[in-house]
Amino acid sequence: MNRPIRVLLADDEPVILRGLKKLISWESLGLNIVGEACDGIELKAMIDSCLPDLIISDISMPGYSGIDIIREIHQAQRPIKVVFISAYQEFAYAQQAVQYGALDYLVKPVNTGQLEQVVIRAATAIRQESEEERNKEMLKSYERKNLSVTVEEQLEQLTDGNKAAAATLARMGNTAITRYASVCVIETDEYSGQPSRWEERERKLVEFALLNIIKETVDGRGNGYVFRKGERFGVLLQHEHLNEPQQLMEDLHHKINSFLKLQVSIGIGEPASGIEEAADSYQSALKALKFRYFAGLNRVISYPAEPLEAAVPLSALAAIQSSFPEALKSLDKERVKALTAELLETVRLLSGDSRNQAVSYVYNAVIQLEQDMADFGADAGLLNQGGKPLLEKLADAPTFCALRQEFEAVLSKMTDQLSCRSSGKEMPQLTQVKTYVEEHYAENITLESIAAMVYMNPYYFSSFFKKHTGQNFKNYVTEVRMSHAQRLLLQSDLMVYEIADRVGYNNARHFSDMFKKQFGKLPQEYKQSVRN
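This is the structure we're talking about:
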């Protein structure tokens, strides 16, 4: 006990109360007088309001006697020490006081030595009992924690296929006899392959809150056990009716969304005939959870997940893809939209529950479209648009719906390019490049940096630029620089080396050579000839 011991004094004579307070140095002994009562009625009320550890009271007072008070304390099993004082020694009183656990019985007048001795003894007993109680609570807490860990370990083993764990759980008194046993798996949608938005400390707080609400919901039902597996939480439910897991998980999902403002996906496994078969239910719960890629995030999904239609032949995909080029070339947006829906539905059916398969089908479709459309001018490096390879973007899409959006973005890009081509407009990538060169010709412009700016590799960009402008990119940059150099040469008094620096050349001789190559004369010769 780190705090001061709380003392309550009681006597129907005020002079006695004043004397007790002054008789010893209470504070130096680690005690604090929290109240003074003048009769038994007041003492009884102050026990509840002041919460004393020690009462020093006259044994005979109006209202309630000291014996009445200690009897109530004894019957309520309150951990309060009592020391009685009395004007005379009476055996009957003393006998009753001892019977109800009084620590001591002092006869008035009480001197300093007597009071100090009994107070020290009381304080020692109170602190010792407080320490023992604290140790007991710590031991109980450790046992509860240890038991919880043991149960969780057995549940992990059980869902891993160790059927012997079922018998261990039964011996520990943690199972019941029911018709079914189902395993449910809960995972935050933060962990679905995307980088977490949480720092480590925040993540732990979220997991702690999530675990608490899962335990509270499951414990409130009964016959449910919560365990942890990696980044997921598992729940083993023993139940009589088939719809119980669905109802409980829907309730849990609603609470998590409402109270934690957190999106989670929950997979409900196929009911097993007993907890010995929990591993099968667990595996089917994982399969249900896996289907969230197609069903969408933040859902409760039961196994078997949404039944897919009859399988379609792979040739159906090829047939749809072959119709895209003509629809794109004719800029028939409605036809493109219809083909997109048909292709993606075919991909969904062919993929089963495989995310990787879906990504592969869509990526291959884009490759084929890129090849087919190259002849129409829609060849702007679509496989590497948006700052990172398209395959990586498709693989990072958290759901099939997001995959659809990435594919639609590719088609939109192709349509825009074909539209520019047919209308004679310059392609947006070329406009972007030319604008940049015009604004930054004095800086170090490289093929690699410009290619990265429009999300192409350097080799492809070099070919793309020449195909659509009819000239080499390096020659184009030189033309822009020489054009500005010509203007500065004729409209200013700058020296040749100053002009060279202003148009991106740090070597005046190299600049002069390039100028002569462009205009047939060295800068000073050219300037003189124009003036003449």
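Whatever position you read off the sequence shown (first residue = 1), add 67 for this note's numbering.
Virtual Cβ for every residue (Gly too), placed ideally from N, Cα, C.
- Contact annotation: the stretch 379 to 397 does not touch the stretch 351 to 358, with fewer than three C-beta pairs closer than 8 Å.
- Inclusion of E109 and L84 in the CB contact set at 8 Å is not warranted, their separation being larger than that value.
- Your pair L309 and G291 does not check out as a contact, with CB atoms roughly 16 Å apart and the cut at 8 Å.
- Residue pairing by DSSP places R73 opposite N99 in a beta bridge.
- Taking 8 Å as the cut-off, the Cβ atoms of T545 and L497 do not count as close.
- In the three-state DSSP reduction, Q305 falls in the strand class (E or B).
- Looking from the CA of K480, the closest CA among I193, V433 and Y564 belongs to V433.
- In the assembly as shown, G334 is a buried residue. Its beta-carbon has 16 or more other beta-carbons within 10 Å.
- A distance below 6 Å between beta-carbons, with the five flanking residues on each side excluded, links F326 to no residue of its chain.
- Partner residues in the beta bridge of E254, as assigned by DSSP, are S332.
- When the five nearest sequence neighbours on each side are left out, the beta carbons in the same chain lying within less than 6 Å of the beta carbon of I253 are those of F300, V331 and I333, in order along the chain.
- Spanning the alpha carbons of P590 and K541 requires a straight line of approximately 21 Å.
- Within the DSSP bridge table, the entry for S249 names L304 as partners.
- Taking C-alpha positions only, M581 is separated from A567 by approximately 10 Å.
- Less than 8 Å divides the Cβ of S348 from the Cβ of S249.
- Ranked by Cα distance from G180, the first of E505, L87 and L170 is L87.
- Around the beta-carbon of D115, fewer than 16 other beta-carbon atoms lie within 10 Å, marking it exposed.
- Leaving aside the five residues that flank V547 on each side, the residues in its chain whose CB is nearer than 7 Å to its CB run, in chain order, V504, E505 and Y508.
- For G291, there is no enclosing alpha helix (DSSP H); the residue is found in the beta strand (DSSP E) stretching over G291 to K296.
- In the DSSP annotation of this structure, the continuous segment of the alpha helix (DSSP H) that includes Y527 starts and ends at P525 to T536.
- Look at F582 here: in three-state DSSP terms it is helix.
- Contact check between the stretch 167 to 179 and the stretch 123 to 143: three or more CB pairs, one atom from each, fall below 8 Å, which counts as touching.
- With a contact defined as Cβ atoms closer than 8 Å, L98 and P71 qualify at about 6 Å.
- Spatial neighbours of M128 in its own chain (CB-CB distance under 6 Å, excluding positions within 5 residues in sequence) are listed in chain order as D79, D106 and G107.
- Per DSSP, the continuous alpha helix (DSSP H) segment holding L315 begins and ends at E311 to F326.
- Here L398 carries a coil assignment [DSSP, helix/strand/coil].
- A residue is called buried once 16 or more other Cβ atoms fall within 10 Å of its Cβ, and V285 is buried on that count.
- Nearest to V426 by C-alpha distance, out of Q499, K460 and L478, is K460.
- H141 and I122 have their C-alpha atoms roughly 13 Å apart.
- Across the set E199, N511, I512 and F528, the C-alpha of F528 shows the shortest separation from the C-alpha of A518.
- For Y522, the three-state secondary structure derived from DSSP is coil.
- DSSP, read as helix, strand or coil, puts S351 in helix.
- If the five residues before and after E196 are omitted, its C-beta is found closer than 7 Å to the C-beta atoms of P146, all from its own chain and listed in chain order.
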